[in-house]
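These protein sequence lines map, in sequence, to chains A and B. Read in this note's numbering, the first sequence has 387 at position 404, and its numbers run on one by one without any break. Read in this note's numbering, the second sequence has 368 at position 98, and its numbers run on one by one without any break. Some notes on the structure that comes next.
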Amino acid sequence: MSDIQKHQRSHIQLAEESLAKQTTTLNLGPTHPATHGVFQNILEIDGEKVLEATPTIGYIHRAFEKIAERRPYYQITPLTDRLNYCSAPINNMGWHMTVEKLLGIKTPKRVDYLRVIIMELARIADHLICNSVVAVDTGALTGFTYVFQWRELIYEIYEEVCGSRLTTNIGRVGGFERNFSEVAFQKIHKFLDTFPKVMKEFETLLNRNRIFMERCLGAGPISAERALNYSFTGPNLRAAGVDYDVRVAQPYSSYEEFNFDIPVGTTGDVYDRYMVRNDEIWQSFSIVQQALDKITKLEKEDPAQKDIFYAPEADHFHLPAKQDVYTKMEALIFHFKMIMGEIDVLPGEVYHAVEGANGELGYYLISDGGRTPYRLHFRRPCFIYYQAYPEIIKDGLLSDAIITLSSLNVIAGELDA
Amino acid sequence: MTNEIVKQTLTDKFGDVLTNWEEPYGFLSFAAPAEMNLKVIQFLYDDETMQFRFLTDLTAVHYPDRKGEEMCIVYHLHNLVDNIRLRFKVYVPIEKPDVFTATQVFSGANWMERETYDNFGVNFVGHPNLIRILNVDEMDYFPMRKEYTLEDPTRTDKDDEMFGRGGTVA
């Protein structure tokens, strides 16, 4: 028997109780409509009660950390897109801010406000997906198809800014690749005008719906102490009662100037997570409105601000205008150097965290002074809180295990990197 | 509560055993010998003024040029009450990369240590289930170590001659 065959047989180890037909071993396989992503769980169930779960992950492991050691800094942005692909702009911005921290670049206010708009729109998109998918897993499909139209509008806004919808590669170190067009602002205004009515309708469908509440209340709870011990962050931790939010603890991109609340739950069950995300959508909405007002105010005070979309000190990461590249020598050399990735970065060691849609998304970057990082590690919130899943669903029902999985918002891309 | 108070309390308790005090970008960082990692983590957890009860991240870095201490295991700790972060490093030699596991203190260290073992081969002594987590189980090397290239040079199924490298093209 070859080594691989021998190894494969050693996987098929059923537990004693299972062989004695006391319990059932159920494979919630990697391809399953209810697990939103590719990850496998082998459940040991007794009737409807889950006794044990053994997760297997790594089906979408793409070795980002190793690839990042061979890529110039601007080529790592598309890798970060594919971490939490439902809210890719937040990952991109987090990476740019990490490099800016390493280089000591300070972004202008307008860039900060534009970044806040994009990040909060991404957070709304991600929470919309998670909440509507929790509803789908309980059987309510209408909410899902209804709010996705507004997720489409958010994608159209990204398309106006950077050209892509899902894996956005938005922004550059120090700002954005181009200024937001008039159409982009019109679409943002359209979103702000039409979204509240839609969200209220989505809430009337589910928030006080007796069937939904009885399904979700008490399903998959976790206490604050266990959540902190498992290094939970983000909406899952806030649903358990701890008000830790990176935007408040270590503000970045001018978040300290914005006025917003942090919704907090009590028991950490599915209903609490749903309600925390629901309230966070409203908070993000208010932040986008505030950011737009701040930008309008900035432009009224100083009309020249309208053209600022990147930090001047970061010109090593910003391609010069094409007219200059074709006519001036320095611009041509700059363009060539940047595209070929010959921009060296100062040596240093930095850890920067942003509040991703799932929690504290951290970037641990060690640079040795070359054109690529020496070591880049992604602190992925999904990976860290998914390890608590067996403990959360233990002694619960199988159907509760399914909705717990979708309410935890486990995104396979962030799980495996 | 500032970085200086943290450094003072740690130096009062452990003295010269802690080395490499640095503060890059405002983030206090220090190192300790490998045998002491649990003592330091437990002290930072239990002490009422320190209260570093949140493990943000656990990973490793491979420095092949530092003979005798090639593998650096990095713990990022966070005091949520006073909002202070800390980076704690432990260096081990590559021939015997043994580190005591932190899973008794932080349940979240479980998968973080499995990922570090999977990618770097660090042996966490006392870990309940130290097996590969992200890579295929049949893999018999540790891919994030610096000696392993990004692409597998022993691969025979990829024909690079059409792309201008490998084969008979110089």
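We put the beta carbon where it would ideally sit given N, CA and C, even for glycine.
Beta carbon of residue i nearer than 8 Å to that of residue j
i	j	result
Asp383/A	Ala202/A	yes
Asn24/A	Thr37/A	yes
Arg98/A	Gly154/A	yes
Asp120/A	Ile385/A	yes
Phe292/A	Val94/A	yes
Glu455/B	Pro334/B	With chain B running from 271 to 440 in the structure shown, residue 455/B is simply not present.
Val351/B	Ala304/B	no
Ile112/A	Gly396/A	no
Thr329/B	His360/A	yes
Ile264/A	Ile107/A	yes
Ile40/A	Leu398/A	yes
Asp422/B	Gly345/A	no
Thr279/B	Met306/B	no
His346/B	Thr371/B	no
Phe178/A	Phe268/A	yes
Thr90/A	Trp78/A	no
Tyr424/A	Val117/A	Only positions -16 to 400 of chain A appear in this structure, which leaves residue 424/A out of reach.
Leu220/A	Ala210/A	yes
Ser214/A	Phe412/B	no
Asn67/A	Ile394/A	yes
Val166/A	Glu135/A	no
Gln272/A	Leu281/A	no
Ser350/A	Gly379/A	no
Pro295/A	Arg260/A	no
Glu31/A	Pro373/A	no
Gly342/A	Tyr368/A	yes
Assigned exposure category for residue i - 16 Cβ within 10 Å defines buried
i	result
Val395/B	exposed
Thr419/B	exposed
Asp252/A	buried
Gln370/A	buried
Met76/A	buried
Pro356/A	buried
Lys428/B	exposed
Lys309/A	Strictly speaking, residue 309/A in this sequence is Tyr, with Lys absent from that position. Looking at its Cβ environment, which holds fewer than 16 other Cβ atoms inside 10 Å, Tyr309/A is exposed.
Ser206/A	exposed
Thr438/B	Only weak support is given to the placement of Thr438/B: the predicted model assigns it a pLDDT of 48, under 50, and the value that follows is read from those uncertain coordinates. When all chains shown are included, Thr438/B counts as exposed.
Leu124/A	exposed
Met(-16)/A	Because the pLDDT of Met(-16)/A is 44, which lies under 50, any placement of that residue in the model is unreliable, and the number read from its coordinates should be weighed accordingly. Exposed, since its Cβ has fewer than 16 Cβ neighbours within 10 Å.
Ala400/A	buried
Ser389/A	buried
Arg191/A	exposed
Ile88/A	buried
Ala440/B	Note that Ala440/B has pLDDT 38, beneath the 50 cutoff, so the model's placement of it is unreliable and the number below is only indicative. Burial call: exposed.
Trp479/B	Residue 479/B lies beyond the stretch modelled for chain B, which goes from 271 to 440, so this question has no answer here.
Phe319/A	exposed
Arg(-8)/A	In this prediction, Arg(-8)/A has a pLDDT of 49, which is less than 50 and means its spatial position is unreliable; what the coordinates show is noted afterwards. Its Cβ having fewer than 16 others within 10 Å, Arg(-8)/A is exposed.
Ile316/A	exposed
Arg425/B	exposed
Ala3/A	exposed
Glu48/A	buried
Glu408/B	exposed
Ile375/A	buried
Asn392/A	buried
Contact with chain C by residue i, beta-carbon distance below 8 Å
i	result
Lys84/A	Here chain C cannot be found, since the structure's protein chains are A and B.
Residues of the segment 196 to 223 of chain A in Cβ contact with chain B at a cutoff of 7 Å, in chain order, please.
Considering only beta carbons, the part of the segment 196 to 223 of chain A lying closer than 7 Å to chain B consists of Leu211, Asn212, Tyr213 and Ser214, in chain order.
Could you name the residues of the segment 401 to 424 of chain B whose beta carbon sits closer than 7 Å to any beta carbon of chain A, in the order they occur along the chain?
Ile403, Leu404, Asn405, Asp407, Glu408, Pro413, Met414 and Leu420
Is the segment 293 to 311 of chain B touching the segment 40 to 52 of chain A in the sense that three or more CB pairs, one from each, lie closer than 8 Å?
Fewer than three beta-carbon pairs drawn from the segment 40 to 52 of chain A and the segment 293 to 311 of chain B are found closer than 8 Å, and the two stretches are therefore not classed as touching.
For the segment 368 to 398 of chain A, which residues have a beta carbon sitting closer than 7 Å to at least one beta carbon of chain B?
Gln370
My parser needs the beta strand (DSSP E) runs of 3 or more residues fully inside the segment 219 to 298 of chain A; what are they?
For the segment 219 to 298 of chain A, not a single whole beta strand (DSSP E) run of length 3 or above is found.
Check each residue of the segment 295 to 324 of chain B: if its Cβ is closer than 7 Å to any Cβ of chain A, include it; give the result in chain order.
Residues are counted here when their Cβ sits less than 7 Å from a Cβ of chain A; for the segment 295 to 324 of chain B these are Tyr295, Phe297, Arg323 and Phe324, given in chain order.
Are at least three pairs of beta-carbons, each pair with one atom in the segment 293 to 306 of chain A and one in the segment 268 to 278 of chain A, less than 8 Å apart?
no
What are the residues of the segment 39 to 65 of chain A that lie near chain B, defined by any Cβ-Cβ distance shorter than 8 Å?
Taken in chain order, the members of the segment 39 to 65 of chain A whose beta-carbon sits within less than 8 Å of a beta-carbon on chain B are Ile40, Gly41, His44, Ala46, Glu48, Lys49, Ile50, Glu52 and Arg53.
Would the segment 170 to 188 of chain A and the segment 324 to 344 of chain A be scored as touching if the rule is three or more Cβ pairs under 8 Å?
no
Quick one: which residues of the segment 345 to 360 of chain A get their C-beta closer than 9 Å to a C-beta of chain B? List them in chain order.
Gly345, Tyr347, Ile349, Tyr357, Arg358 and His360
State whether the segment 124 to 142 of chain A contacts the segment 175 to 186 of chain A, with contact taken as three or more CB pairs (one from each stretch) at a distance under 8 Å.
yes
Output the residue ranges of the beta strand (DSSP E) runs that lie fully inside the segment 326 to 391 of chain B and measure 3 residues or longer, sorted by chain position.
341 to 349, 354 to 362 and 368 to 370
What residue ranges within the segment 89 to 155 of chain A form continuous alpha helix (DSSP H) runs of no fewer than 4 residues, ordered along the chain?
Runs of the alpha helix (DSSP H) lying entirely within the segment 89 to 155 of chain A, each at least 4 residues long, are 92 to 121 and 125 to 145 in chain order.
The segment 342 to 371 of chain B: which residues have C-beta closer than 8 Å to a C-beta of chain A, in chain order?
Val344, His346, Leu350, Asn353, Arg355 and Arg357
Which whole runs of the beta strand (DSSP E) in the segment 356 to 381 of chain A are 3 residues long or more, in chain order?
358 to 362
If we require 3 or more residues per run, which beta strand (DSSP E) segments fall completely within the segment -1 to 65 of chain A?
7 to 11, 23 to 29 and 32 to 39
Going residue by residue through the segment 191 to 221 of chain A, where are the continuous alpha helix (DSSP H) segments of at least 4 residues, counting only ones entirely within it?
193 to 199 and 207 to 212
Taking a cut of 8 Å between CB atoms, which residues from the segment 380 to 393 of chain B lie near chain A?
Asn380, Trp381, Met382, Glu385 and Asn389
Going along the segment 310 to 335 of chain A in order, which residues come within less than 8 Å of chain B, judged by CB to CB distance?
Going along the segment 310 to 335 of chain A in chain order, one finds Gly331, Glu332, Val333 and Tyr334 with a Cβ nearer than 8 Å to chain B.
Please list the residues of the segment 163 to 197 of chain A that have a C-beta atom closer than 8 Å to any C-beta atom in chain B, keeping them in chain order.
none
Selection of the segment 222 to 240 of chain A by Cβ proximity to chain B, strictly under 9 Å
For chain B, the residues of the segment 222 to 240 of chain A that bring a beta carbon within less than 9 Å of one of its beta carbons are Val225, Tyr227, Ala232 and Gln233, in chain order.
Quick one, which residues of the segment -3 to 27 of chain A are near chain B if we go by CB-CB under 8 Å, in chain order?
none
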